[in-house]
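The opening position of the sequence shown corresponds to residue -10 in the numbering used here, with each subsequent residue numbered one higher. All residues carry an ideal CB built from backbone N, CA and C; glycine is no exception.
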Amino acid sequence: MSRRPVLLAILAVLVPLGLVGPATAAPTPAAAVTPSQANGQLRVCGVKLCNSRRAAVQLRGMSTHGLQWYSQCVNDASLDALAGDWGADIMRISMYVQEGGYETDPAGYTDRVSSIIDKVTARGMYAIVDWHMLDPGDPYYNLSRAKTFFTEIARRHNANTNLLYEIANEPSGVSWSRIKSYAEELIPVIRAVDPETPILVGTRAWSSLGVSDGANESEVVNNPVNAANIMYTFHFYAASHRDEYLNALSRAADRIPMFVTEFGTQEYTGDGPNDFAMAQRYLDLLARKQISWTNWNYSDDLRTGAVFEEGTCPNGPFTTPARLKPSGEWVRDHIR
Ligand code: IDC
């Protein structure tokens, strides 16, 4: 006895309802869904960064150079290229505090960061708000400024679901316990305004998990920051930071949530020859462990680590391959 007539009768009801259809139905074009639409509000779950459905995600993108020097590389055309041509998920907005940065004009830099957040948001990407403290390396030096800045950014962008706050770019010359205390003073201030945005905490010795001071990740693993929904940062420059660093990151990522907010394919100066083989070993590890990353940097400065040829900004063209340095081509390939 054939069951076909029954099947056809069922299909005759379901197909017009759109409940079943041919397997070849045209999919929604991928470009129509942006990274922030696809993933929504991020949250740390276990040692991973997760989307709103609690699935682990790996975000890949670029860090700006210091806004006091290279904001001409962060405009509508360059952000269109980053979101479209590069297919990046995320931009890190690097706001130095010293060296002519935030401390010289708090209101002006707050407005500048805020307006870049809006441009990044309009293009469907995530944004890291990077409190780029560097020298002095003690994060306490800028604590009260950080409280003011993050409170205001959190207040203005309360409705955003696409942000991460990086509260200390690269501490140096201080112990892990001092960085931890700083984080535990600042985080509740931010949380009072913004309970949801993941917060990224720098690690000892230029965010090397202590390795550049002869320590390792165990100081953080054994004494984590007392706060929820946070991650720790690790920075590497492939030609300078070899196996000891890679191994520390690999071990750490199994124990605590890690985010690589800065890396270069060259030396720690952001200059010198690229070591793409070592950089590839790092990116393989990051892919395997779903560790998100942003590369230093999306500018046209003279160094090998700036992705664009000198003179590209502000007018471009920002689309490839014409104006990219070798590091830019390599990183773009690894984002796409
Ligand atoms: C570099 C800039 C350079 C600037 C210097 C000091 O490329 O123009 O003069 O900072 O402000 C980091 C830092 C980052 C560095 C980068 C490359 O977070 O600010 O940028 N780097 O040296 N850590 C390791 C490398």
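- Here Ser83 carries a strand assignment [DSSP, helix/strand/coil].
- Ser197 carries a coil assignment under DSSP once its states are collapsed to helix, strand and coil.
- Taking the Cβ of Glu155 as the reference point, every heavy atom of ligand 1 lies at 8 Å or farther away.
- Comparing alpha carbon positions, the residue from Arg145, Arg321 and Val214 closest to Leu272 is Arg321.
- Collapsing the DSSP output to three states places Glu298 in coil.
- If you check the C-beta of Thr258 against ligand 1, you find a heavy atom less than 8 Å away.
- In this structure, Arg270 is the residue among Arg270, Arg244 and Pro246 with its C-alpha nearest to the C-alpha of Phe252.
- Looking at the DSSP output, Asn284 bridges to Met51.
- Annotation for Ser83 indicates a beta carbon within 8 Å of some heavy atom of ligand 1.
- Scanning its chain for C-beta atoms nearer than 6 Å, with the 5 sequence neighbours on each side dropped, one finds around Phe307 the residues Ala66, Ser67 and Ala70, in chain order.
- Met114 carries a coil assignment under DSSP once its states are collapsed to helix, strand and coil.
- Around the beta carbon of Thr93, fewer than 16 other beta carbons lie within 10 angstroms, which makes this residue exposed.
- CA-CA distance, Arg240 to Arg231, rounds to 15 Å.
- Val210 and Lys37 have their C-alpha atoms roughly 15 Å apart.
- Counting every other CB atom within 10 Å of its CB across the protein chains shown gives Thr192 a total of 16 or more, marking it as buried.
- Look at Asn147: its beta carbon is at least 8 Å from all of the heavy atoms in ligand 1.
- Of Ala194, Ala216, Ser207 and Asp202, the smallest CA-CA separation from Ala181 is found for Ala216.
- Counting along the chain, Thr222 sits inside the beta strand (DSSP E) bounded by residues Ile219 to Tyr226.
- Straight-line spacing of the CA atoms in Arg312 and Gln87 works out to 30 Å.
- Per the C-alpha coordinates, the member of Ser197, Ile117, Thr250 and Asp127 positioned closest to Ser25 is Ile117.
- At a Cβ-Cβ threshold of 9 Å, Ala228 and Asn263 count as neighbours.
- When DSSP reads this structure, Ala45 sits in a beta bridge with Cys39.
- Partner residues in the beta bridge of Trp120, as assigned by DSSP, are Met84.
- Judged by their CB atoms, Pro213 and Ile168 are not nearer to each other than the 9 Å cut-off.
- Taking 8 Å as the cut-off, one finds no heavy atom of ligand 1 near enough to the beta carbon of Leu68.
- A direct Cα-Cα distance of roughly 42 Å separates Asp124 from Ala21.
- Where Ile188 is concerned, the enclosing beta strand (DSSP E) starts and stops at Ile188 to Val190.
- With a cutoff of 8 Å, Gly294 counts as near ligand 1, since its C-beta is closer than that to a heavy atom of the ligand.
- For Tyr171, the enclosing alpha helix (DSSP H) covers residues Trp165 to Val182.
- Between Asn218 and Val33 the beta-carbon gap is near 5 Å, inside 8 Å, which marks them as a contact.
- Taking the Cα positions, Ala72 is about 11 Å away from Arg49.
- Looking at the backbone, the Cα of Gly89 and that of Gln47 are separated by about 33 Å.
- Within the DSSP secondary-structure output, Phe252 pairs in a beta bridge with Phe225.
- Under DSSP, Arg32 takes part in a beta bridge, and its partners are Cys39.
- Around the CB of Leu291, fewer than 16 other CB atoms lie within 10 Å, so the residue is classed as exposed.
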